[in-house]
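Visitor: Counting from 0, one number per residue, gives the positions in the sequence shown under numbering that gives the first Met the number 0.
The beta carbon of each residue, even a glycine, is placed where N, CA and C say it ideally should be.
Below you will find the structure I want to go over with you.
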Amino acid sequence: MSTTTIRLPDELRARVESVAVASGSTVHAFMVEAIAEVTERLERRQDFAAEAERRLQHMQETGEYLEMDDLRSFATALARGEKPDAPKPRKMPLQELARFRDSMRRRG
């Protein structure tokens, strides 16, 4: 385990100490936990963005997509404990797919 020194403004240090003590923790443990939580949240956000990019690429290549209403119905059935069939992808008409690809190219 490595050691890292961080400089905190006095006001923030006092706030951290107050919250740590109130929660039955040490300042060190509180800061380690806070850093771990933020790191995990940002890693999940990065994973989400990467998955969205992969799915967008797939849609651009195949023209397949899922309707929000189909996904909502599927999720609702799952929440009720049912075992629904996964929604079937729809296929974007070729002309619309071409316009979509063009707009994505312009986007950057």
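If you reduce the DSSP assignment to three classes, tell me which class E66 lands in.
Guide: Position 67 of the sequence shown, counted from the start, is the residue given in the question as residue 66. Of the three classes helix, strand and coil, the one that applies to E66 here is coil, per DSSP.
Visitor: Taking only runs of the alpha helix (DSSP H) that begin and end inside the region 9–49, which ones reach a length of at least 4 residues, in chain order?
Guide: Qualifying alpha helix (DSSP H) stretches, in chain order: 9–21.
Visitor: Is P88 closer than 7 Å to E63 when the C-beta atoms are compared?
Guide: Here residue 63 refers to the residue found at position 64 of the sequence shown. Here residue 88 refers to the residue found at position 89 of the sequence shown. Yes, they are a contact pair.
Visitor: Pick helix, strand or coil for R105, following the three-state DSSP scheme.
Guide: For the purposes of this step, residue 105 is taken as the residue at position 106 of the sequence shown. R105: helix per DSSP, three-state reduction.
Visitor: In angstroms, rounded to a whole number, what distance separates the CA positions of M30 and V15?
Guide: Reading the sequence shown from its first residue, position 31 is the one you call residue 30. Reading the sequence shown from its first residue, position 16 is the one you call residue 15. About 8 Å.
Visitor: Determine the direct distance from the alpha carbon of F73 to that of P83, and round the result to whole angstroms.
Guide: Start at 1 with the first residue of the sequence shown, and residue 83 comes out as number 84. Start at 1 with the first residue of the sequence shown, and residue 73 comes out as number 74. Approximately 6 Å between the Cα atoms of the pair.
Visitor: Out of curiosity, what's the CA-to-CA distance linking T61 and Q45?
Guide: If you number the sequence shown from 1, residue 61 lands on position 62. If you number the sequence shown from 1, residue 45 lands on position 46. Cα to Cα, T61 sits roughly 24 Å from Q45.
Visitor: T4 to R54, Cα distance in whole Å?
Guide: Numbered from its first residue, the sequence shown carries residue 4 at position 5. Numbered from its first residue, the sequence shown carries residue 54 at position 55. Distance between the alpha carbons of T4 and R54: 41 Å.
Visitor: If you run the structure through DSSP and keep just helix, strand and coil, what is R71?
Guide: As a working note, residue 71 is residue 72 in the sequence shown. Of the three classes helix, strand and coil, the one that applies to R71 here is helix, per DSSP.
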